[in-house]
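Enquirer: Following this message is one structure expressed as C-alpha cells.
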Amino acid sequence: MRTYEIAPERLKVAEDWLTRQRQVWENRLDRFDSYVEQLKQEESES
Amino acid sequence: MSTQLAINPDVDLVFERFVDAPRHLVWEALTKPEHVRKWWMPRQWGSVAHCEMDVRPGGIFRIDIALADGQPIPNVGCFLEVIPMERLTWTSMLLPGYRPAVFDDVPITAVLTLDAEGAGHATFSRHCTGTRPTARRTRCRVGSRGPRSCSIRW
C-alpha cells in the first residue's frame with residue numbers, strides 16, 4: 008500500500024526529469040546546428 | 344560498423360537531427376573544446392567554465408558549467424567508445440580511466456552515431472539513458488539537405 012502511494016510521485020519526478028532533459032537537449036541541438044552551419048560558412052570562405 | 348541498441352522508452356531519450364554540413368565538421372564541433380564551449384550552454388543561463396575532451400576510450404569527458412551567478416557545476420565523465428566520424432559513447436557513471444563515480448544527479452550514458460546516408464549525408468543518433476522509471480521517448484527529425492550534408496540522429 009505504501010509503495011503504491013509513493014510510486015506515482017516518483018513516476019512524476021521521473022517524467023519531469025525526462026521532459027526537462029528533452030527540452031535542454033532540443034535547445035542544445037538547435038544551438039549545435041547553428042554553430043555547425045557557422046563552421047561550414049567559415050570553411051567555405053577560407 | 345553499426346550497432347543497433349535497444350531503446351527502452353521508459354528510460355531512454357532519442358533525438359534525431361539532420362545537419363546540413365560535412366561529417367568532419369560535425370565531428371570536430373562535437374569533440375573539440377574550443378567548439379563545444381560555444382554551443383553547450385544558452386548564453387542567458389551561463390557559460391562553459393571548463394571543457395576537456397580526451398577523445399579515446401577511458402579518456403576524460405568534462406564540461407563544467409558556470410551559471411549566470413557564477414555558481415559552478417562540474418560535469419565529468421568517461422568516454423567508452425570512439426570511432427572517429429562515426430560513433431561517440433560516453434557516460435557520467437564512470438570517471439576517466441573507468442573509475443566508478445559517485446554522483447548526486449541522474450547518471451546518463453550517451454551514444455552518438457553519425458551514419459552515412461546517400462552521397463555525403465550522415466545521420467547521427469544519441470540515446471540518453473537515465474535510470475529513473477517511466478520516461479518519455481522523443482524522436483525529432485529536422486531535415487535540410489544540400490549536395491554535401493550531414494543528418495544527425497541523437
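Just so you know, the protein sequences line up as chains A and B, in that order. Counting in the working numbering, the first sequence runs from 8 upward without gaps. Counting in the working numbering, the second sequence runs from 344 upward without gaps. No residue lacks a Cβ here, since even glycine has one placed at the ideal position from N, Cα and C. Just so we're clear, the structure is a prediction, and the values are computed from it rather than from any experiment.
Counting only the same chain and skipping the five closest in sequence on each side, list residues whose C-beta sits under 6 angstroms from that of Ser435 of chain B.
Expert: Counting from one through the second sequence, the residue named residue 435 of chain B turns up at place 92. Same-chain partners within the cutoff: Gly420, Pro450 and Ile451.
Enquirer: Please compile the residues from chain A whose C-beta is within a distance smaller than 7 angstroms of the C-beta of Arg360 of chain B.
Expert: In the second sequence, residue 360 of chain B corresponds to position 17, counting from 1. Near Arg360 of chain B (Cβ distances below 7 angstroms), the residues of chain A are Leu36 and Asp40.
Enquirer: Measure the C-alpha to C-alpha separation of His464 of chain B and Thr432 of chain B and round it to an integer number of angstroms.
Expert: In the second sequence, residue 464 of chain B corresponds to position 121, counting from 1. In the second sequence, residue 432 of chain B corresponds to position 89, counting from 1. Unreliable positioning characterises His464 of chain B in this predicted model, as indicated by a pLDDT of 36, which lies under 50. The coordinate reading is nonetheless provided below. The straight-line gap from Cα to Cα measures roughly 21 angstroms.
Enquirer: Taking 8 angstroms as the limit between beta carbons, can you name the residues of its chain near Ile408 of chain B, skipping five residues before and five after?
Expert: Numbered from 1 along the second sequence, position 65 holds the residue referred to as residue 408 of chain B. Excluding residues within five positions, the ones whose Cβ falls inside 8 angstroms are Trp383, Met384, Gly389, Ser390, Val391, Ala392, Pro415, Ile416 and Asn418.
Enquirer: If I follow the unbroken beta strand (DSSP E) through Glu395 of chain B, where does it start and stop?
Expert: Residue 395 of chain B sits at position 52 when you count from the first residue of the second sequence. Here the beta strand (DSSP E) through Glu395 of chain B covers Gly389 to Met396.
Enquirer: Given a cut-off of 9 angstroms on the beta-carbon distance, is the pair Ala372 of chain B and Phe39 of chain A in contact?
Expert: Mapped onto the second sequence, residue 372 of chain B falls at position 29. Mapped onto the first sequence, residue 39 of chain A falls at position 32. In contact: Ala372 of chain B and Phe39 of chain A (Cβ atoms closer than 9 angstroms).
Enquirer: So Tyr441 of chain B and Gly402 of chain B are in contact, right, with Cβ under 8 angstroms, and what is the actual spacing, rounded?
Expert: In the second sequence, counting from the first residue as 1, residue 441 of chain B sits at position 98. In the second sequence, counting from the first residue as 1, residue 402 of chain B sits at position 59. Going by Cβ atoms, the distance from Tyr441 of chain B to Gly402 of chain B rounds to 10 angstroms, so no, they are not a contact pair.
Enquirer: For Ala528 of chain B and Ser53 of chain A, I'd like the C-alpha separation in whole angstroms.
Expert: Past the boundaries of the shown model lies residue 528 of chain B; chain B is included only from 344 to 497, so the question cannot be answered.
Enquirer: Which partner residues of Ile451 of chain B appear in the DSSP bridge assignment?
Expert: Indexing the second sequence from 1 puts residue 451 of chain B at position 108. Its beta-bridge partners do not exist; DSSP assigns none.
Enquirer: At the 9 angstroms Cβ level, is Glu50 of chain A part of the contact set with chain B, yes or no?
Expert: Taking the first sequence and counting its residues from 1, one reaches residue 50 of chain A at position 43. Yes, Glu50 of chain A lies at the interface with chain B (some Cβ there is under 9 angstroms from its Cβ).
Enquirer: What do you get for Val369 of chain B, buried or exposed, if any count of 16 or more other CB atoms within 10 angstroms of its CB means buried?
Expert: For the purposes of this step, residue 369 of chain B is identified with residue 26 of the second sequence, where counting begins at 1. Buried, because 16 or more other Cβ atoms sit within 10 Å of the Cβ of Val369 of chain B.
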